[in-house]
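What follows is a short report on a single structure.
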Amino acid sequence: MINFEDNKPIFIQIAETIEDGILSMAFKEEEKLPSVAEFSTTYKINPATANKGINILVDKEIIYKQRGIGMFVSKGARKMLIQIRQEKFYETFIDELVSEAKKIDISEKELINMISKRIDESNKNKK
Amino acid sequence: MSKDIQICNINKIYNKKAALSNISTTIKSGTITGFLGRNGAGKTTLMNIICGRRIANSGNITIDNEKILENDNLLGQIYMTSPDNMFPKSTKVKDIFRYTEKFYDNYDKEYAERLIKRFHLDINKHSDKLSTGFQSILKLICCLASNAEYMIFDEPVLGLDANNRDDFYKLLIEKYMELDNTIILSTHIISEIETLIEEIIVIDEGKILLQESVEELMKSGYQVSGSISDVEKYIADKDILSKTTIGGLMSASIMGQREDKPENLDFSNIKLQDLFIKLTNEREDR
């Protein structure tokens, strides 16, 4: 579920929620997505807003609409999203990470160590 | 599909005081419009005039060039709910549903019965014996079940608990998507409807202070926060709506397009409620 954040328009957050669902495979390729009505009522947003978010993904060909039937996740959508997210990773996460680290005097070496530690932990949890 | 509501030069005087002065605007068909305003701003008066409950001293309200006033055909397509009780005191709840069915051709009896069960509304009670919350529920069910082309909600969630408010907003969206009708919502709980409404009309002292799509309005400004000196420096050449400080920190709402964010500042969306408070507070500053 989304808790709407303050710094992004809601239609973008709707698009990102669907993207996250595809990445986590809650929404599988070639499967039907919830309808605009379901998104609007669940999140209590104007249907036009939900539609706008959905259309971003239609334009990127991550999902497609079938008239009278509904919306589906495109084949290859997950791969496409992974590529897009990887390209954006540097500016969205690394930028913020480094600037926050700098603000509180975490050195380059400490930061790299922390990242390694976190990756180790997450690998252990998987096992 | 409904047509726009044209409001043209409406004046209304109560006790020699102008409640509405020369209001002209268009309520776009197929949208959810929010009427916002301080207590006594004139929202209810305007809504009452739209649906013919009050008569303006001058001006017209039309749909597709036809006057609404005393037009049975058009009035049968408009349903307004408000905290005022329009039925005689001892009217039973079930009779109110019966009357609504008579007046509204597209009234959906089964839908109303489903909602009566869902909200546990006692239809054998006299309507004036219902609690404030249940009076609101009664009116909301009547309005939603009327399937009217134009639904006007004045303070729809008065006395409703959080669960019932949530339910109402969901039912409203469902109805809106089903009918593609025109909805006017007036409430003081701005944060709950800011994601719901497409258009916003701010009424203040009987005049329209602002009319804008919510999306445009949200894009029209942003909030900056950081240390007082950093924020002051950043906003020096900007159009400032409001500033608040706590200790050495400051956050300021400013109008204008967002620029690239300096490292020492945080940006966030402007809040509709803040914008509203600022807009309608100006009269006190003047």
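Here the protein sequences line up with chains L and R, keeping their order. If you use this note's numbering, the first sequence corresponds to residues 76 to 202, in order. If you use this note's numbering, the second sequence corresponds to residues 4 to 289, in order. Built from N, CA and C at the ideal position, the CB exists for glycine as well. Computed from a prediction, not measured in an experiment: that's the story for all the values here.
- Which listed residue (L:Arg153, L:Asn200 and L:Ile87) has its alpha carbon closest to that of Lys103 of chain L: When each option's Cα is compared against that of Lys103 of chain L, the closest is L:Arg153.
- Item | Proximity test, Cβ basis, 7 Å: Ile169 of chain L and chain R | Not a single CB atom of chain R sits nearer than 7 Å to the CB of Ile169 of chain L.
- Along chain L, in chain order, which residues have C-beta atoms closer than 8 Å to that of Phe270 of chain R? Here the neighbours are Asn82.
- Take His123 of chain R and list the residues in its own chain whose beta-carbon comes closer than 7 Å to its own, dropping the five residues that flank it on each side. Cβ within range, chain order: n/a, list empty.
- Task: Would you give the residue range spanned by the beta strand (DSSP E) that Cys11 of chain R belongs to?
- Result: Per DSSP, Cys11 of chain R belongs to the beta strand (DSSP E) from Ile8 to Tyr17.
- Message: Run through chain R and tell me which residues come within less than 8 Å of Pro122 of chain L, C-beta to C-beta.
- Response: At a C-beta separation below 8 Å, Pro122 of chain L has these neighbours in chain R: Ile176, Tyr179 and Met180.
- Could you tell me which uninterrupted alpha helix (DSSP H) segments, each at least 4 residues in length, are contained entirely in the segment 91-164 of chain R, listed from first to last along the chain? For the alpha helix (DSSP H) assignment, the uninterrupted runs of no fewer than 4 residues enclosed by the segment 91-164 of chain R are, from N- to C-terminal side, 96-106, 112-121 and 135-149.
- Task: Pick helix, strand or coil for Ile62 of chain L, following the three-state DSSP scheme.
- Result: Look at the range of chain L in this structure, 76 to 202, and you will see that residue 62 of chain L is not part of it.
- Given a threshold of 16 other Cβ atoms within 10 Å of its Cβ, counted over all protein chains shown, does Tyr17 of chain R qualify as buried or as exposed? The residue is exposed, with fewer than 16 neighbouring Cβ atoms inside 10 Å.
- Between the beta-carbon of Cys146 of chain R and the beta-carbon of Tyr82 of chain R, is there less than 7 Å? When the beta-carbon positions are compared, Cys146 of chain R and Tyr82 of chain R come within less than 7 Å of each other.
- Message: Considering just the uninterrupted stretch of the beta strand (DSSP E) at Leu188 of chain R, what are its terminal residues?
- Response: Its beta strand (DSSP E) spans residues Thr185 to Ser189.
- Query: Around the Cβ of Leu143 of chain R, are there at least 16 other Cβ atoms within 10 angstroms (buried) or fewer (exposed)?
  - Reply: It counts as buried.
- Query: Would a check of beta-carbon distances place Thr92 of chain L closer than 7 Å to chain R?
  - Reply: Nearest CB-CB separation between Thr92 of chain L and chain R: not below the 7 Å threshold.
- Message: Quick check: Tyr102 of chain R and Ser149 of chain R, are their CB atoms within less than 7 Å of each other?
- Response: No; because the gap between Cβ atoms is not below 7 Å, this pair is not in contact.
- Message: Between Lys119 of chain L and chain R, is any beta-carbon pair separated by less than 7 Å?
- Response: True, the Cβ-Cβ gap to chain R drops below 7 Å.
- Task: Quickly, what does DSSP pair Leu23 of chain R with across the bridge? List them, please.
- Result: Leu23 of chain R is bridged to R:Lys15.
- Message: So, with DSSP's three-state summary, where would you put Gly62 of chain R?
- Response: Three-state result, Gly62 of chain R: strand.
- Query: Does the beta-carbon of Ala165 of chain R have 16 or more other beta-carbons within 10 angstroms, so that it is buried, or is it exposed?
  - Reply: Burial call: exposed.
- Item | Residue range of the beta strand (DSSP E) that includes Ala85 of chain R | Per the sequence presented here, residue 85 of chain R reads as Ser, with Ala not at that position. First-last for Ser85 of chain R: undefined, no H or E at that position.
- Query: Three-state secondary structure (DSSP) at Ile144 of chain L?
  - Reply: In this structure, Ile144 of chain L counts as coil in the three-state DSSP scheme.
- Item | Nearest-angstrom beta carbon gap, Ser27 of chain R and Ile10 of chain R [assumed within contact, 8 Å] | Ile10 of chain R to Ser27 of chain R, Cβ: 6 Å. Contact.
- Top-ranked residue by Cα proximity to Ser139 of chain R, from R:Lys112, R:Glu152, R:Asp87 and R:Asn51: Ranking R:Lys112, R:Glu152, R:Asp87 and R:Asn51 by Cα distance to Ser139 of chain R puts R:Asp87 first.
- Give the secondary structure of Ala123 of chain L by DSSP, where H, G and I count as helix, E and B as strand, and everything else as coil. DSSP places Ala123 of chain L in helix when its eight states are reduced to three.
- Message: Here's the rule I'm using: 16 or more other beta-carbon atoms within 10 Å means buried, otherwise exposed. How should Val96 of chain R be labelled?
- Response: By the C-beta density criterion, Val96 of chain R is buried, having at least 16 other C-beta atoms within 10 angstroms.
- Task: At 9 Å on the CB atoms, spell out the chain B contacts of Ile194 of chain L, in chain order.
- Result: Among the protein chains of the structure shown, namely L and R, there is no chain B.
- Query: DSSP three-state call for Asp242 of chain R: helix, strand or coil?
  - Reply: Strand at Asp242 of chain R.
- Query: What residues in the segment 148-178 of chain R have a beta carbon less than 7 Å from any beta carbon of chain L?
  - Reply: Going along the segment 148-178 of chain R in chain order, one finds Tyr172, Lys173, Ile176 and Glu177 with a Cβ nearer than 7 Å to chain L.
- Exposure of Phe114 of chain L, with buried meaning 16 or more beta-carbon neighbours within 10 Å: Buried, since its Cβ has 16 or more Cβ neighbours within 10 Å.
- In terms of DSSP beta bridges, what is Lys70 of chain R paired with? Bridge partners of Lys70 of chain R: R:Thr65.
- Rounded separation between Gly37 of chain R and Leu278 of chain R - CA only: Between Gly37 of chain R and Leu278 of chain R, the C-alpha separation is close to 14 Å.
- Please state whether DSSP places Glu162 of chain L in a helix, a strand or coil. The answer is helix: DSSP assigns Glu162 of chain L an H, G or I state.
- So which residues of chain L does Thr198 of chain R contact, with C-beta pairs closer than 9 Å? Using a Cβ-Cβ cut-off of 9 Å, Thr198 of chain R is close to Phe79, Ile85, Tyr118, Lys119, Ile120, Asn121 and Thr124 of chain L, given in chain order.
- Item | Residue nearest to Lys155 of chain L in terms of C-alpha spacing, selected from L:Ile144, L:Glu136 and L:Thr167 | Checking the sequence, you will find Met at residue 155 of chain L rather than Lys. Met155 of chain L has its Cα closest to that of L:Glu136, out of L:Ile144, L:Glu136 and L:Thr167.
- Item | Collapsed DSSP secondary structure at Gly75 of chain R in the structure displayed | Looking at the sequence provided, one finds Asp at residue 75 of chain R rather than Gly. Secondary structure at Asp75 of chain R: helix, using DSSP grouped into helix, strand and coil.
- Message: Taking the beta carbon of Arg117 of chain R as the centre, do at least 16 other beta carbons fall within 10 Å, making it buried, or is it exposed?
- Response: The residue is exposed, with fewer than 16 neighbouring Cβ atoms inside 10 Å.
- Query: Do you know offhand how far Thr116 of chain L's Cα is from Thr47 of chain R's?
  - Reply: Distance between the alpha carbons of Thr116 of chain L and Thr47 of chain R: 27 Å.
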